[in-house]
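What follows is a single structure, written as structure tokens, with notes after it.
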Amino acid sequence: MSEKGHAQSGVRFGMVIDLDKCSGCGACSVACQAENNISFRPDESEKLRSITWMEIYQLTNGKDYPDFRQAFLPRPCMHCDSPHHSPCTFVCPVNATTRDENNGIVTHIYPRCIGCRYCMVACPYHARDFNWWDPSWPKPMESMLSPEVSTRMRGVVEKCTFCHHRMLKARSKAYVDGSDPNKATYTTACADACPTKAITFGNLQDEKSEVAKLSKDPRAFRILAKLQTEPKVYYLSKQDWIKKLSDNALK
Amino acid sequence: MDKALIPEGLKRCPLPIFALWVLILVGVVGWGVVAGGAVLLKALNLTGLNDYFGFGAYITADLAIIALGAGAFFSGFLYYGLSRFIPALKELGKIINLAVIVGFVCYTGALAVLLLEIGQPLRGWFGYWHANVHSMLTEVIFCISCYAIVLVIEYVPIVLENRKLNEVKGLRVFGHSLHDVMAIFALTGTFLSFFHQGSLGGVAGVLFARPFAYRTGLFIWPWTFFLFILSAIASGPAFTAIICRMLEKVSNKKLVDRSVYDLIGKIEGILLGGYMVLKIADTAYWAFVLSPRFGLSLFDYYWGPYGIWLLIAEIGICGVLPAVILLSPRGRSSNFLLFGAFLLDIIGVSINRFVMTIQAIAAPVMPFDKWQIYVPTMYEVAPIVAMLAYCVLIISLSYRYLPLFPREKELNRA
Chain X
121 MSEKGHAQSG
131 VRFGMVIDLD
141 KCSGCGACSV
151 ACQAENNISF
161 RPDESEKLRS
171 ITWMEIYQLT
181 NGKDYPDFRQ
191 AFLPRPCMHC
201 DSPHHSPCTF
211 VCPVNATTRD
221 ENNGIVTHIY
231 PRCIGCRYCM
241 VACPYHARDF
251 NWWDPSWPKP
261 MESMLSPEVS
271 TRMRGVVEKC
281 TFCHHRMLKA
291 RSKAYVDGSD
301 PNKATYTTAC
311 ADACPTKAIT
321 FGNLQDEKSE
331 VAKLSKDPRA
341 FRILAKLQTE
351 PKVYYLSKQD
361 WIKKLSDNAL
371 K
Chain D
53 MDKALIPEGL
63 KRCPLPIFAL
73 WVLILVGVVG
83 WGVVAGGAVL
93 LKALNLTGLN
103 DYFGFGAYIT
113 ADLAIIALGA
123 GAFFSGFLYY
133 GLSRFIPALK
143 ELGKIINLAV
153 IVGFVCYTGA
163 LAVLLLEIGQ
173 PLRGWFGYWH
183 ANVHSMLTEV
193 IFCISCYAIV
203 LVIEYVPIVL
213 ENRKLNEVKG
223 LRVFGHSLHD
233 VMAIFALTGT
243 FLSFFHQGSL
253 GGVAGVLFAR
263 PFAYRTGLFI
273 WPWTFFLFIL
283 SAIASGPAFT
293 AIICRMLEKV
303 SNKKLVDRSV
313 YDLIGKIEGI
323 LLGGYMVLKI
333 ADTAYWAFVL
343 SPRFGLSLFD
353 YYWGPYGIWL
363 LIAEIGICGV
373 LPAVILLSPR
383 GRSSNFLLFG
393 AFLLDIIGVS
403 INRFVMTIQA
413 IAAPVMPFDK
423 WQIYVPTMYE
433 VAPIVAMLAY
443 CVLIISLSYR
453 YLPLFPREKE
463 LNRA
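Protein chains in written order, with our numbering: chain X, 121 to 371; chain D, 53 to 466.
What follows is the structure, given as structure tokens:
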């Protein structure tokens, strides 16, 4: 039992995103889209119905030129580590979404999801998307879908999995190599794709890991920390106005 | 045939007029069924829901109609359970059949709309098979279906009292036997419905990352659990009374003694008054203690169409005001004030269900989030209107062909 009140292993995957390095190019979001077989529609202008696991928010300091400042905030699922349950997991009536206490990843079982959307309502980060339509891809793209990630059907919720399939692959490789699968590390598609290396991914429990060190950086903060959702996604910035936008209590 | 089915000694409107009325209602139900069928076939993209508003009109209507249907279980609890200790409550026997039917139509109607609400309706049964005991929605699923079954059992003996059915010996005996054990079902229904109303409140109250909805509470139950129970019993019987009054106006007959309305007024006044005290305390704690912990103030929760007027309307105009009217003997003695207070009471509880469902998720949580406005489409409005038409249809048929009001003959003898 951890200090957070739930059984926990030595692995807690998390992410650190350096907002001072992020240029808002969207490569992370596109990589995520391709890696995880996220469907899209011919017209994606209706943003409240489009599926984007890695959403990029544009932040501004609200001032006029020459004091105007802007930043981009990529927002994956926070894989909240709040005691006992994440905000979304304990509300699911059919146990379709759960947190794997072996690694802290919040997963979603699509064939079990009944599409009640209670988890979406429970998530303050809007990290969950609903499949409002049957998934579809333009003609040649269907044959390019990744066989490692299942596609989702109409009427179910989906979300960022911290590229869970890559973790399974890393564990299998470790097993074959004769090393401890529980110590296997991997990286996510978004972190791989980031041209400025703004995204760092790894085991937050491993003090030697880059992600653990960065999460303790004085520039580190989390979004809505006051809600005690204990997100495992940390942000870095030395700009106070960005930090102030992370929590209502700091406004 | 129609005349043979009408309870003996009671007058009902001519068949062509009733047939036209039924035809209109069936038309409205058909409109809703077509719209609902389209949602089932073409998916929820036909609705106004989106990733920001996971819950919308379907859930709000369900919560409101289930709260208003609480007259069935609570009147049953008072009549079958408490009247042996408090004889004055026996007066409710004059309206109990209607209360059961109102509860029956509200719950079955809500169940039908609930089916449209889920993205994978064919997996609806997963709620029983893969039940998550930590989820308030699981409690809702179990209690709503169990209580709907209890309401069917409670409705059957009323149907069997139909003149023609009553002539069949087997059915008569069966109906009377059910009557004998009705107290058990009424109390089972009370138990289930208490939990059901409460768990609907819990659905919002447990959302600890949604400051608008989140409440602290007792053990696993947030305060909204208890407030939803109290608000349901403080408005359900008032809804039954209003329907009874509407039946009286439409049929131009007296159906129950004035004393029944007076008693319901007194009961609702006490419950609504108590509810208002607790609701105001809860709101004050939420606004001035809980929200500041999350860095929010009361006015962060209200904006544009979701303005502070909702709070004033819910607690002031549709809460405190009807409670004061119902608690005063002078208020209860005037039909205008009594039924006006009942109406405000049911509007108030409906606003509460709207606020705890839609406004709770309209309010942004992340500081860089923006308010969104939810607008339901015809595909949401039509099934809801159809559900109401279904309720009216069943009540109309029941009133015409079943002896719902034991005092109707006497009261209309002149």
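Ideal placement from N, C-alpha and C gives every residue a C-beta, glycine not left out.
In its chain, beyond the 5 residues on either side, W423, I425 have a beta carbon closer than 8 Å to the beta carbon of G356(D). For V136(X), the enclosing beta strand (DSSP E) begins and ends at 133 to 138. Bridge partners of V241(X) according to DSSP: none are assigned. Annotation note: the stretch 309 to 396 of chain D contains the following uninterrupted alpha helix (DSSP H) runs of length 4 or greater, listed N- to C-terminal: 310 to 337, 373 to 379, 381 to 385.
DSSP, read as helix, strand or coil, puts A318(X) in coil. The beta carbon of A191(X) is closer than 6 Å to those of L139, L179, I362 in its chain, skipping five residues each way along the sequence. When the beta-carbon positions are compared, C198(D) and F247(D) stay at least 7 Å from each other. Taking a contact as a CB-CB distance under 8 Å, the pair W273(D) and G241(D) does not count as one, their CB atoms being some 20 Å apart.
G224(X) is positioned such that its CB atom lies closer than 7 Å to that of D201(X). Using a CB distance cut-off of 7 Å, Q249(D) does not count as an interface residue toward chain X.
Cβ-Cβ distances below 7 Å link F126(D) to I285, G288, P289 in the same chain, with the five nearest sequence neighbours on each side left out; the list follows chain order.
For the stretch 338 to 365 of chain X, the set of positions with a beta-carbon nearer than 7 Å to some beta-carbon of chain D reads I343, L344, K346, L347, T349, L365 in chain order.
As computed with DSSP, G128(D) is found in no beta bridge at all.
For the options L57(D), K318(D), R405(D), L395(D), the alpha carbon positioned closest to that of L363(D) is the one of R405(D). Under DSSP, F250(X) shares a beta bridge with V277(X).
With fewer than 16 other CB atoms across the displayed protein chains lying within 10 angstroms of its CB, E327(X) is exposed.
By the neighbour-count criterion, in which 16 or more other beta carbons inside 10 Å mark a residue as buried, I147(D) falls on the buried side. For the stretch 205 to 225 of chain X, the set of residues with a beta-carbon nearer than 8 Å to any beta-carbon of chain D comprises H205, P207, F210, V211, C212, P213, V214, N215, A216, in chain order.
Rounded to whole angstroms, the separation of the alpha carbons of V85(D) and A71(D) is 20 Å. Residues of the stretch 253 to 287 of chain X that bring their beta carbon within less than 9 Å of a beta carbon in chain D comprise W253, D254, M273, R274, G275, V276, V277, in sequence order. Here R267(D) is buried, its C-beta having at least 16 other C-beta atoms within 10 Å. About 17 Å separates the CB atoms of C243(X) and P203(X); that is not less than 8 Å, and the two are not in contact. Distance between K331(D) and A164(D), taken at the CA atoms: about 31 Å. Within chain D, the residues placing a beta-carbon under 7 Å from that of L179(X) are F420, ordered along the chain.
Taking a Cβ-Cβ cut-off of 9 Å, F192(X) has no neighbours in chain D, whose nearest Cβ is about 11 Å from it. Sorting S170(X), L344(X), F133(X) by C-alpha distance to the C-alpha of V226(X) places F133(X) at the top. When the alpha-carbon of K293(X) is set against those of T281(X), C283(X), F282(X), Y306(X), the nearest one is in Y306(X). Residue contact with chain X for T112(D): absent (no Cβ-Cβ distance below 7 Å to any residue of chain X). Among the residues facing chain D, R169(X) is included, as its CB has a counterpart in that chain under 7 Å away.
Here the stretch 249 to 269 of chain X does not lie against the stretch 216 to 223 of chain X, with fewer than 3 beta-carbon pairs under 8 Å apart. Put simply, of L288(X), D312(X), I319(X), A309(X) the residue whose alpha carbon is nearest the alpha carbon of P301(X) is L288(X). W83(D) and L93(D) have their alpha carbons spaced roughly 15 Å apart.
Only exposed fits H231(D), as fewer than 16 other CB atoms lie within 10 angstroms of its CB. Residue-level contact by beta carbon fails for I425(D) and chain X, as no gap is shorter than 7 Å. With a threshold of 7 Å between beta carbons, M240(X) makes contact with chain D.
A buried status is given to Y207(D), since no fewer than 16 other beta-carbon atoms sit within 10 Å of its beta-carbon.
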